[in-house]
Structures are given as C-alpha cells and as structure tokens.
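Protein chains in written order, with the working numbering: chain X, 1 to 353; chain C, 1001 to 1353; chain E, 2001 to 2353; chain W, 3001 to 3353.
And the structure:
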C-alpha cells in the first residue's frame, strides 16, 4: 500500500503531525500550467484550523513552499514538491496518551500494523496529512481550469439539519461552509451546542464538478465512481460516499431513475454525471458521510497498552464538527481524481480532452 | 485507466458481452494454495442469470476453464488465467439499439469516450464482465481461508423493505439472497410486482468479512475503506457505499460512535472494523447501494445517434432487481480487496499476516 | 512482482509451457486501430520453433485466437485477450529432470522461490511464455504505424562472427535472421557445428526503431533507455543490453561521442536516439546480448533435489543458437515499450504524438 | 512516466538542479529499521562533487534533512521525505546556453517534450537529481542489512584501462574508486590528461551484491535482471548494462557458461547470480557502461533554438570522467532494486526473506 493517489496525476503525501514537516510531491502535472503559489496558499488557509469559533483553536501558520517543478510561475512537467513546516506542535498534550489507545482512533490498529508508533498526535492518521492533499488539489484545479472544469463543495448536512438550497457562492460566507444560509444558522447552533458538551457531531459534504466533458473514467475496475469513492474514503473521518442519487434511489423505480437524455440535456441526474463508470456530460455530484470527530473532550474508556482499561479525557483542541474543514480537502481530492481521469483520456485519444 | 484491480493480488478482466469469451487473469496468487475448479464454478453458478423467477431468464452455461497457474490442484504462484466462453448471445435483441443511446446506460458515454463501440449488449459495461471478478474472488477466498478470513453477504434492502435479521446461513435459501426469512418474502413479492410492471427496483447489499486480523490497510491514500469503496463502486449499477455506521452515524455524537475497546473486544462497530484506514480486529462491514437496474421493458425516450429522440421498449430479458446477483460479485470484490491488503501486510512485516 | 509490462500499454502474459495454454492480455490499446489477426499470426510464425535446420525441431502450431477487444476488425479500446493452446507437449521428455536442477536454468531458483514447481519444461521461465509477448507486439506495431513508427531487427553477431552490413530487408531471407548475407553464411555454419556438438552458442541481436518523434521517454527513473533495458532483459537468455554506442564508447572521448546536431540532422548516433532518457529524433538503436542457450544435449553435472549431484544429458530438442528466435521477441518488446512511451507523451501533451 | 522507481520500496525524486532544492520520498520502508541520518549523509558525501582533483570543482554542501517517517532514530513504516537545499547555483554560467541545445545533452529533447524548459543546468536531467537516489539508497542499505545483504561497487574500466583485481576495500582509497590499486594509478593519469584537454572519457562501473538469498525476482516481465537494467540505465550518462558474463559470453559455448551447481556452491558465475530472472544464491554482479561525460570544455557546434548552429565552449566545472561519482549512485540503485525485490518476496511467501 502506498501514500500515493492517482496514476498519471500522482499525489504522494508525506509527514507526521508532530514531525518536522508535512508535504506532497505531485508527479504528472502537465507542463505549461500557470502555478500560483498564492492560489495554493489560499486553499491551505481554507483547510487551516482556528478559522472560526466552531473549529479547533489550534493555530497553524501553514505557509507553503514550492521546492521544484515550477519555473517563472509555470509548471515544467516535472515533479512539484511542496512543503509546510510543522510549527505549533503541543506534543505534551499527548503524553497522557502514550500508553492508551484512543477509541475511534487508529492508535491500536497502527501499533499492531507497524509494531512501532509515534504517539504524539495521529502521526500519518492525523488530519494534518491533508495539508499535502489540499496543496496538490490546488494545482489540479489550475490544470482542470485549462479544460473548463471547476469544482465546488459545501456542508449539506450536520447532525439532522439538512441544507435545502445549493447556492455555492454562500459557502465561504458562513463558518459551516453551507450552501444554504438558513440551514447554516441552525447547523452552527448545533455545532456550538455539541462543542459545549465536549462532544462531536457528523455531517455530509457535497461536491459538484462542472464542465466535465463526456468520456472520462473507465467502464470496469477504474470507473470514475470507483476512483471518486476511493478518493473520498481516503479522507480521515469519512465512512460513506454516494454518487448522484446514491442510497436515496434504492427505493425508486428504474423508470424514475434512468436519466432521460435528448442528445444535449439530461432531465435529471440520478447517475451523478457518470454512466457505467464514464462521465456523461452532466454535473458530477458526490456526497460524503463524515462521522462525528473521534477526538472529543468527554472522558472515555480506553484500552491500555499493557492490558486493561482506563478512563481518560483527551486534552487538546478539537473540532466539534469536522465538515467545514473536510470541504476543501474533499474538493481537492475531487480535483485530483478528475485531473487523473483527464490525463488518461488524453492518453487514450491523443487530444486535449 | 485499466481493467485491473489490486496491486499485489492483481485481477484483470477481459471480454465483451457479445464477443467470443470473458475471463480474467489473476496475477499475484500466492503459491501452494489449493485451487478447486469446482469452488470457482460454484461461485459462477451463484452469479449466473436464470437461477430463479426473479432474475433474468437468460441462460448462460458459464463453464470455467483454468488455463494456467495451477498444477496438480495447487497454485504455482504464477498468473492464473480463467476463461468462460460466451454462448447464448442473442445479438439480434440489440439490433433495434444500434442507433440509439439507452437512458441510464453507458452507451452514449462509451461512444463518446472511444469513438467506436460494440452496440451488442453493454460490451465491457455489461454485467457479464463480472464473470471474471467472481472467478478471481473464488481464488481470493481460497487464499484468505489460509489465514482464517471468510466473507459473507446478502441483500438487506429492496425498495423500502429492510432486513432486520442477519442470519447469513439463510442467504442461499431464498432467491433474494436475504439474511432475514420474513423480509425475503416481502422483498420477493415486491420484485415480482416490479417485474410485472416491466420496471426495476433498487436495494442494498451488505457484506461482512470475519477473521480479518488487526493491521490490514494503510493510514492515508490506501485506507482499507478507500480500497473497499473503489472495489464496490467498480461493480455495475452501484452508486453508494458505506463502511460500518456509514451515513447513519452522521446524526449521532462522537461519544456514541467511538467504539469502546477493552483490549480484546469492541462493544460496538460504528467503524465497520476499520480505524483510520486500518483493520482493527472487528468484523469488516460494508454496505452497497444498488440502483434500480437500468435495463427495463417499459418504453423509454432515447437519444438517437444522429440527433433527436425516439421512444423505444428494450426487448430482451432483464433483472427486475439486480441485488441477488450483485451479492456474489460484491463478495468476490471484498475477498479480492482483502487478499491484496493481506499481501501488502506480509510485505510490510515479513510474516504470515 | 508481476507478469505485466508497461503502464498505459499494459501487456500481461500467462501460461506455463506444459499447461493448457499460453496467452496475453493487452490492456490500453487505443481504440480505432485496425487489428489484423493474420498480422499477429505472422509474427507468431516468425517466433515458432521448427522453422529451419538451425532451430529446435519441436513443432508447435501456435494458432492465435483473439478473445476480446476487437469488433469488426477494429480495436475497441478495451482489453484484448489472445490465446494459443499448447499442443505438442512432450511432458515425458522431462521425467528424468523431476528430481534434478538443470545448470543455467531457473529450476533451482524457481523451486526455492515458490516452494512448488511444475517440473515439465520451464513453466513460466520457458521460452514459450514469449508467445504472448509476440502477439502483444504485433498489436503495438499496428498502433505505432499510425504515428509513423516501425521497428526492425536481426542477429548481428553469433559467437565471434560479426555482421558488418545492416540490410534489414535480408533478415527473413536467411535462417539466422542476419542483415548481412555474407556473415549469415558463416553464422549458419557455426551454429550447425555447435548443434552437432550438442552444444550452444550466443550472439547479439540488434534492433532499430525508425520514425520515433522527439520527446518520448522521461528524464529520470523512466528514461526510455531504462524502459528498453528492462524490456530486453525480461526476455529469456539475455544478459546484456546497450543503447547506441553502448559499451563501445567507453574508450572514446566526449568530443567524439557527443552527436552533433544542426537542428535537423545528427552526424552520428552514439546516443542511440535517446538523449537524457528522451527520444531525440534519431533512430533508436538497441543491442541485446544473448547467452548460449542453457538447454544443451551434452551430459552435465546437476544438483539433485535431495542433495548430491548427478550427470544427466537432457533429452529433447534444443536451439543451438537462440538468436534467430529472439529477434521477433525483441522486436515485440521494443514495439511494446515504444507504444507505452507514446501513450505517456499523449497524456503529457494532449496531442497525437 | 514517472519519477518513481520501485513498487513496494518506492523512491520518488524531485527537484531541478537550479531550483530551491532536490530531494526524495521513500514510501514503503519497512518499520523498525534503524535510520541513521549520518549514514545517509556519508553516502551523499561520496556522491558530492569537488572531492578530488579529478572531479568537478563545484562545491555543494549537500546537508540532508529528514522530514518525516523516522521517530527516535527508527523508521515508522511511513513515507520518509529527505531534502537537500541547492546552494551554490551558478545560474549565470548557463546564460550563454539559453538559446542553444548542447550536443549529447537532453536540452533539445526536453524542450520538444515539454514545450517549456529551465535552461539553467540540466533541470531534471542534471546529475543533481541523483542526490535523492543516493539518500534513498542509504536507507535501502540499512533495510537490506537486516537480511544480511550488502552491496559494493567500483570503477573497473576507464577508457581502455581495465582493473584486473577486485579488492573492494580499496575503492575509497583512490579518487577513481577502483578496486585495483595499480589500475587506479593509470586510470587517474588518463583522466587528468583528458581533463587537461577539456575533454571527457567513459568507463565501466561494476557492482556486486553479497548475501542475496535464493528466490528474489520474478520469472517473466519483472526478472531481477530487467529491474537491475532499468535501475542502471535510469542513471544519467549510462548507455549499457550487463549481468554476470554479459556481452562477454556471447562467444562462448553453453557447456562453458552453464554455471555448475552442486547444491551448495557454484563453480562459476556467468549468470551473475540470477537464473531465469530469479536470484540463485550466487553473488549478483552488474556492470554499467558510462559514456564520456557530455559536458566538456572544448568548443562544440550547437543547434540554435531559432535555427542554424553556433560554436560554443561550455563554461563551468565539469567531470572529465563521471565514473567515480556514478559508483555511489549505482550502488544506491542496486540497493533500491534489491529492497524492492525483497519486499515482493516477503509478500509472496509471508516470511522474512
């Protein structure tokens, strides 16, 4: 298994949460794409903790440095390495956790897998690993813009509160990143309540890719649905993914869910823009189930390394709802997946898209 | 993009629905595993159409031939190629579809992707491609049995009818492959009704892997969740996947969904046996959303190749609910995914599991 | 490790020499290429044993069957599986070898690697595995023809006899496949002498690809030189490879071996058509060292499975010089490598070549 | 194509010669290996220019920083990123080369491939890219030491001067890195002469891996020979590779080159420790042809970007013979290749080696 996603647009992240740095190597970026370090930084700022009252209050400066692959602001077609130093590492916060395994976390599984572990934070399982993904996603967005593709996303559910509208221009205007202003207020209230209870709550993030041409993806093992599903469930704290109608169309009839197409337009989008694994010209729509964050302040029963259990309250600064911070990560993974599918289609047909 | 799933246990399928044959090459099968051609045939028989009143009445003999990689009933560690000839191909059934694109199907996307297509049946997008997966899955099961892992699965929802019990021994006793005898009766009635309406209905397939040791999977891009999600959404007609609590835990609190572990046992399984991408010793639980089959007998509006639309009723023999036949395919993909994760863990640690 | 060569034009062979069949799956063939089964058969006939007095007298009909990926004589862009049944398997010839390890052969290493082996012939190590390569190479040639690339090759050395001319039109006119008519006579005489001594002799095969555009290959790990070297040394009985000037330019000066280029033409080709890993517009020239065939009729000392040694003469029909039959295999691997590099360049630039 | 070598022990380099940094990500390092940053630095110091009178006089401090994957001096099993800042970049040296393509160099091919280029130095084609390889190789050595494998290497030919002895303990005692003290003196004299003529000369580097157990490598596409050949010809300035007897055994008979094995020892090593692609227990022996360095001080005819030619003398500090500096790089690539083969064998058999 590897730390790489993609085969032609290959994204390899590295770095532990409490090591010297996190980063990414993007190998396969087409040459000649304008690469703006500030666009990368902008996406990292969206991912950063401490942005609002409803995210963790950890402060991470997260300044990105581009180490290679770019000359005079243009991609060379060679690997682009990007680096973010780890700065505010309160490793001490984790001393109490050295000899226990946190419930819901990967602590126990990691220790059994490797035989060694860095107990300070989640190591590779930490949300901090997503810094590299977001940076790589910013480049993928720049590449996709050349062929008229863009991605948006937002939180469409928190607990039992659903968004009904999809006004993507609102997403950055509320701390929940919800495309429905009214729902955003309710979601925020719920998150604050949960935060005060030292608990956490889950939600759903929705993503839309617009402008995807017909023909990306593959009919069998590498269906675009499959690649997107892998992309999404590689994000920490996700436990479900659906394309288009998803689980909701299970109860319907084929005569309802077969999107009618007149050669130019579809009258519905139950397929989520993908038919038989291949993009069909409709918007690509993906939804991701985000579990309640496993790091909570409430005391919990934990297995001890040497046997038995202990009740521990995890100190530190937690996200009561991880959705707002999953949004830029999921958008990045969507862009990366599409960039990879795009390059494969170029290889197949020998033309731009 | 490719027709291969897996990196160490590599499964490559080939074959169009109306070409001479379908098949698979399994490269990476460990040597010394007892390979029983009848066990492979048994799984293929479970996948076969025409098994009951609620599946398509197409008859496919589907006798498998093992072409390589096995000597004296034991795997050699070399590629195992398996072949199934296509026999009952009613290509004529498809003549009416030569110049139209069926709604919900991959016809249009395929044509735009490749510039050429075999209009007779779904080509590679046909469910027939899964023959190779099921054969490869049978071998993966044999390999996993060496380390005490087995997989089961069944239909747990059809339309709005849910299974409440999970008695996996019942699955082969009813045509729906439902692990709940009472629900099976209701599901069957619903499917028959839908069939008589020349329509189709969706459902949910659930899979469980038992005996998976702690430590399989990877913490970042190759999370076991991600690999399973890709495996499942590479199956035709699937549009959603969830692990453990999945979408259902979105509305809960972290204090509820953090599975408590005492060092030996878990009191719940919201993580579906996977923590931070790595198996945690609990049962691995996966659910797949199966859309209503896109092939229906009802007349539908279809886009014509040369422009405009036409209303066509698709002749032929369809599955009113694809779930019963998805079960063996999904089990196969689960076994294949686990076999691959197992071999990676052997590489990482240099020991059996 | 795998039985696959290439990443976008992926060739996976399967089959043991004494199993039911050998074959290949080509995944990544571009759609719309005219695929002529007779062109494939023609290449297989060139590879076949029993073609002349100086090759093994084994007779293998080797009729190829295309199982998938082709419709109406045109590639669909889906996997192309090709099958050749094993017919004349004199397994009995190998009974004497069941309990010994042949010198120079992979018998011992294979047994230690896998813990099991099929002692009848070389199994996967047999030259018979190259049937699939040659079939896949024929398709690669067809694909490359679209962009004006073709490959030729021949035997340029046998023992100490060198070819001085390179008239590739002569290659099929003599049993040695030598591009120099005079040298061919001497080579043939040498091979016959060695054959009569129940011994074998080595040689060098040279390959040339013409029409390769500038820009194929990669500057670092995936240099075109590296890919070609892997391709060549994956052929049985090869133990050396050189590009352009190769080992011969070791004794020269940089001022001699830096090919002068005036923007259109090169005055020399020490780089063998590849500069810094990337094709430079010159002819691609590769030479392969073919060891004396390890299967010889002379009695040899062999290690016994249960310890100790034994002197055994290997019965059966051997090639006294494997070069003439390596030629079509090496050409195939060259074509496959170039097809893969071509598709990568299409992915990189989004245009035909 | 990619900047990655290996599939389980994956080495991805990044960085241009005149960008901010060069480096590498090693993904797949087994956990629990003692990682000594000084051992990495030691190998980098061996690769460094400016070590003696016969290498380029460029000074590069090349201090390595480990960014991830190591905790308390032990590998975590997660990606190990290593970084070396570029410091002494005399970019001005290259201004005269902005509008011409140097003969023998990748300048022209690179420009045509990507459509853009960084004219300052070789970019990715620069020998500076090998910094990452050497760092990754140091880790591979550490991993291989666990299973008793070590690698040595040296310059065995310069121009027409051959080494006759193989005393590997002498390698670091002379600036040529020759395992034969007498030959080293002659080689050095030749290199100094060539240097004074502002020219360059080629040579041969030989590598030996000791302690490789039987069974590493694969019988077909991924023969250990093939992997080693790719590894070697991915090193800048190499144009040939041979295993064991290589080109030299072309003129011999099979009865001479079939290494006799008595079950414990081989009486010769024409196979170079690899039979049928699989290690056979003998020492693995590889030789690499290193062309005369393409960067020379003599005036040369160069193609101009806008057409026509120009005679230019390349300023700067060149290596008159690249062999001494290829030695640590080739050793690194050998170690990396073996580490990858080792992990594959662990996956295949589920045991240490």
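By construction, the Cβ of each residue, glycine as well, lies at the ideal position given by its N, Cα and C atoms.
As DSSP reads the structure, residue 2300 of chain E sits in a beta bridge with E:2312.
Each residue's CA atom was taken as its position, placing residue 316 of chain X and residue 1041 of chain C some 56 angstroms apart.
Under the criterion of beta carbons closer than 8 angstroms, residue 312 of chain X and residue 100 of chain X qualify as touching, at roughly 6 angstroms. Residue range 2021-2027 is occupied by the beta strand (DSSP E) that includes residue 2021 of chain E.
Here residue 2130 of chain E has 2329 as same chain residues with Cβ atoms under 6 angstroms from its own Cβ, once five neighbours each way along the sequence are excluded. Closest in C-alpha terms to residue 3207 of chain W, from the list W:3324, W:3266, W:3116 and W:3263, comes W:3324. Going by DSSP, residue 2193 of chain E is part of the alpha helix (DSSP H) stretching over 2181-2196. Taking 8 angstroms as the CB threshold, residue 3230 of chain W lines the interface with chain E.
With a cutoff of 8 angstroms on beta-carbon distance, residue 3219 of chain W and residue 2125 of chain E are scored as near each other. Residue-level contact check: residue 1222 of chain C touches chain X, since one or more beta carbons of chain X fall below 8 angstroms from its beta carbon.
Annotated as distal: residue 3249 of chain W and residue 2246 of chain E, with beta-carbon spacing of 8 angstroms or more. Scanning the stretch 3083-3136 of chain W for uninterrupted alpha helix (DSSP H) segments of 4 residues or longer gives 3107-3114, listed from N- to C-terminal end. According to the DSSP assignment, residue 2331 of chain E belongs to the alpha helix (DSSP H) that extends over 2323-2349. When the Cα atoms are used, residue 2073 of chain E and residue 2036 of chain E turn out to be separated by approximately 7 angstroms.
Boundaries of the beta strand (DSSP E) harbouring residue 286 of chain X: 284-290, taken from the DSSP string. In the DSSP assignment, residue 2055 of chain E falls outside any alpha helix (DSSP H) and carries neither an H nor an E.
Sixteen is the threshold: since fewer than 16 other Cβ atoms of the shown chains lie within 10 Å of the Cβ of residue 2265 of chain E, the residue is exposed.
Under DSSP, residue 2240 of chain E takes part in a beta bridge, and its partners are E:2289 and W:3242. At the C-beta level, residue 273 of chain X and residue 212 of chain X come within 8 angstroms of one another. Residue pairing of residue 2266 of chain E in beta bridges, as defined by DSSP: E:2261. Bridge partners of residue 150 of chain X according to DSSP: X:210.
At least 8 angstroms separates the beta-carbon of residue 3294 of chain W from that of residue 3023 of chain W. DSSP, reduced to helix, strand and coil, places residue 3033 of chain W outside both helices and strands of the structure shown, so it counts as coil.
Taking the beta carbon of residue 3351 of chain W as reference, the chain C residues within 8 angstroms of it are 1350, 1351 and 1352, listed in sequence order.
Among the residues of chain X, those whose CB is under 7 angstroms from the CB of residue 3010 of chain W are 2, following chain order.
Under the criterion of beta carbons closer than 8 angstroms, residue 1136 of chain C and residue 1011 of chain C qualify as touching, at roughly 4 angstroms. Between residue 2352 of chain E and residue 2151 of chain E, the gap from beta carbon to beta carbon reaches 8 angstroms or more. A Cβ of chain E is located within less than 8 angstroms of the beta carbon of residue 3344 of chain W. With its beta carbon at least 8 angstroms from every one in chain X, residue 3056 of chain W lies outside the interface. Against chain C, the CB of residue 2214 of chain E has no partner CB under 8 angstroms away; the residue lies outside that interface. Residue 1029 of chain C and residue 1139 of chain C have their C-alpha atoms spaced approximately 8 angstroms apart. Using beta-carbon distances, residue 2030 of chain E counts as an interface residue toward chain X, with a partner under 8 angstroms.
The criterion of a C-beta distance shorter than 8 angstroms is not satisfied by residue 2283 of chain E and residue 3239 of chain W. DSSP, read as helix, strand or coil, puts residue 3078 of chain W in coil.
With fewer than 16 other Cβ atoms from the protein chains shown falling within 10 Å of its own Cβ, residue 2167 of chain E counts as exposed. Neighbours of residue 1020 of chain C in chain E, taken as residues whose beta carbon is under 8 angstroms from its own, are 2065, 2066, 2067 and 2068 in chain order.
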